[in-house]
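Report on one structure; see the data block that follows.
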Amino acid sequence: MILENFYAKIGGNYNEVLERLLSEKRITSFVIRFLDDNSFETLCQYLDNKDYDSAFNSAHNLKGLAQNLGFTKLAKSSEKLSNALRSDNQDVLMTSHTLINDVIADYKEVKAAIKKLKKQLK
Amino acid sequence: MNIAICDDNLLDRELIVDLLECYFFNKSISYSIDQYENGDNLIYEIEDGHPYDIVILDIFMGKLLGIEVAKNLRKLKFNGEIIFLTASSDFAVDSYDVNAGGYILKPISYNKLKKVIDKITLKLGTNSYCVRQRSNFLLIPYNEIVYIESNNSKCILHRNNGEKYNIYKKLNKIESELNDSRFLRSHQSYLVNMDYIIEAGNQFQLSTGDAVLIRQRHVKEIRNQYLKYNEKHNTHMASISN
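Next comes the structure, spelled out in structure tokens:
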């Protein structure tokens, strides 16, 4: 129930994740560990420094992880961002500075939900 | 079964390892899983002769792409299975001639992993040879046997992890017990697993660094047996030196 609520809160699909990863225990363990991953932090830093190649790496990592863990919204926003970051078109590349805002919002939502999840599991 | 997983994201890697451990949980296959953060370290290990049956590569790993790693591995005569983790089904990996053993589409799922590993274990066969170690019996999978040599009154089985086992039987007997086309009796005293041969000259050079003798009277025939086997089983020909 707790995990289902977590996914409902962040707009994710719990059943889809369960089908892929099979056990509630596994999902919970990796969801909690998501907070230790630094892709989001490095993404923000690289983008601030206009290091677009490195920012792309981080965004791509974040997207992959979000997809694996079923964080649907975060996966979509980081996908949009990584596509922009790998573009050769300068105008498209520059949109990354706007697209990052959705990623930040989605990440914060996931982070807050995970912190609540941890408390509930104690 | 020795598996390497190469992915630059720790959590992704550990998730796959966790799913693999779930897969092997109730199976009687012994296995090991090594993690690599980048292709360079994996390539160094394989260059050093570390045996892997399966290498799982993320297609995109920052600087060194999965494809490049795979190409390098094949150049090093790595004959194990290569599986790519990819986000796109129309990624034309086949055109790169790395002979991939399969693809796993992201996001990762237990069932996708199971499908691919099942196919490979079937291909590799779960044949094992029973060896007595003091008071224990050990099952050594055929694909881990590098070569067996006869030495005075006993035979020594060389395993791909460097371990050696004494077997108190005649090499003829062991050969008939194994009964598998990958083992070639290259010499009165040597039975070699042809999957480990990387060069065929007057001796067989093996990927582990060992060399195995060839019966001098029938060098050409024996080499040809190897060439036929290699053609049938691999896309990469060993070099023939004279």
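Order-wise, the sequence lines are chains A and B. Residue 1202 in my numbering sits at position 74 of the first sequence, with consecutive numbering throughout. Residue 127 in my numbering sits at position 83 of the second sequence, with consecutive numbering throughout. Every residue, glycine too, gets a C-beta built ideally from N, C-alpha and C.
Test: residue i CB closer than 7 Å to a CB of chain B
i	result
A:Arg1214	no
A:Leu1150	yes
A:Gly1139	no
A:Asn1196	yes
A:Phe1158	yes
A:Leu1193	yes
Exposure label - residue i; buried when at least 16 CB within 10 Å
i	result
A:Leu1249	exposed
A:Glu1169	exposed
B:Ser283	Unreliable placement is indicated for B:Ser283, whose pLDDT of 42 sits below 50; no coordinate value is reported for it.
B:Arg261	exposed
B:Tyr88	exposed
B:Arg176	exposed
B:Met45	buried
A:Asn1189	buried
A:Leu1163	exposed
B:Gln232	exposed
B:His202	buried
B:Phe248	buried
A:Asp1181	exposed
A:Met1264	A query on residue 1264 of chain A cannot be resolved here, the shown segment of chain A reaching from 1129 to 1250 and no further.
B:Ser251	buried
Within-7 Å CB hit, residue i to chain A
i	result
B:Tyr154	yes
B:Leu250	no
B:Asn223	no
B:Asn286	Below a pLDDT of 50, predicted positions are generally treated as unreliable, and B:Asn286, at 35, falls in that range; no measurement from the model is reported.
B:Asn53	yes
B:Leu182	no
B:Leu59	yes
Residue j beta carbon less than 7 Å from that of residue i
i	j	result
B:Phe122	B:Ile164	no
A:Leu1227	A:Ala1241	no
A:Asn1196	B:Ile200	no
A:Ser1215	A:Val1231	no
A:Ile1138	A:Val1238	yes
B:Ile60	B:Ile98	no
A:Asp1234	A:Leu1202	yes
A:Gly1192	B:Asp56	yes
B:Ile77	B:Leu86	no
B:Ser230	B:Ile258	yes
A:Leu1131	A:Glu1144	no
B:Ile127	B:Gln79	no
B:Ser172	B:Ile184	yes
Closest Cα partner of residue i within the set the options
i	options	result
B:Gln269	B:Phe227, B:Asp254 and B:Arg57	B:Phe227
A:Phe1199	A:Ala1136, A:Ile1130 and A:Gly1140	A:Gly1140
B:Val256	B:Leu271, B:Lys264, B:Ile266 and B:Tyr234	B:Tyr234
B:Val142	B:Lys217, B:Lys119 and B:Arg267	B:Lys119
B:Glu254	B:Asn205, B:Lys217, B:Lys272 and B:Tyr273	Here residue 254 of chain B is Asp; the residue named in the question, Glu, does not match the sequence. Considering only alpha carbons, the answer is B:Asn205.
B:Ile218	B:Ser194, B:Val160, B:Asn246 and B:His94	B:Ser194
B:Lys213	B:Phe248, B:Ile192 and B:Leu129	B:Ile192
B:Leu109	B:Lys159, B:Leu63 and B:Asp51	B:Asp51
B:Lys276	B:Arg229, B:Ser225, B:Ile103 and B:Asp92	B:Ser225
A:Leu1245	A:Glu1147, A:Ile1160, A:Ser1151 and A:Ala1136	A:Ile1160
B:Gly146	B:Tyr75, B:Asn196, B:Leu54 and B:Leu101	B:Leu101
B:Phe69	B:Phe181, B:Tyr209, B:Tyr154 and B:Phe104	B:Tyr154
B:Ile241	B:Tyr80, B:Cys174, B:Ile103 and B:Asn187	B:Asn187
B:Lys208	B:Val190, B:Lys115 and B:Asn216	B:Val190
B:Asn210	B:Cys174, B:Leu117 and B:Phe104	B:Cys174
Limits of the alpha helix (DSSP H) - the one that residue i falls within
i	result
B:Gly146	Here B:Gly146 belongs to no alpha helix (DSSP H); instead the beta strand (DSSP E) covers Gly146 to Leu149.
B:Glu81	Taken as a continuous stretch (DSSP letters only), B:Glu81 belongs to no alpha helix (DSSP H), as it is neither H nor E.
A:Ile1228	Ser1224 to Leu1249
B:His231	It is not in any alpha helix (DSSP H) - B:His231 instead sits in the beta strand (DSSP E) that spans Phe227 to His231.
A:Ser1206	Thr1200 to Leu1213
B:Val99	Counting along the chain, B:Val99 falls outside any alpha helix (DSSP H), though it belongs to the beta strand (DSSP E) covering Ile98 to Asp102.
Residue range of the unbroken beta strand (DSSP E) whose run includes residue i
i	result
B:Asp235	Contrary to the premise, residue 235 of chain B reads as Leu rather than Asp in this sequence. Unbroken beta strand (DSSP E) run through B:Leu235: Tyr234 to Asn237.
B:His202	Lys198 to Arg203
B:Asn195	Ile189 to Asn195
B:Ala114	No beta strand (DSSP E) holds B:Ala114; the alpha helix (DSSP H) holding it covers Gly110 to Lys119.
Interface partners of residue i on chain E, CB under 7 Å
i	result
B:Phe104	Protein chains in the displayed structure are A and B, and chain E is not among them.
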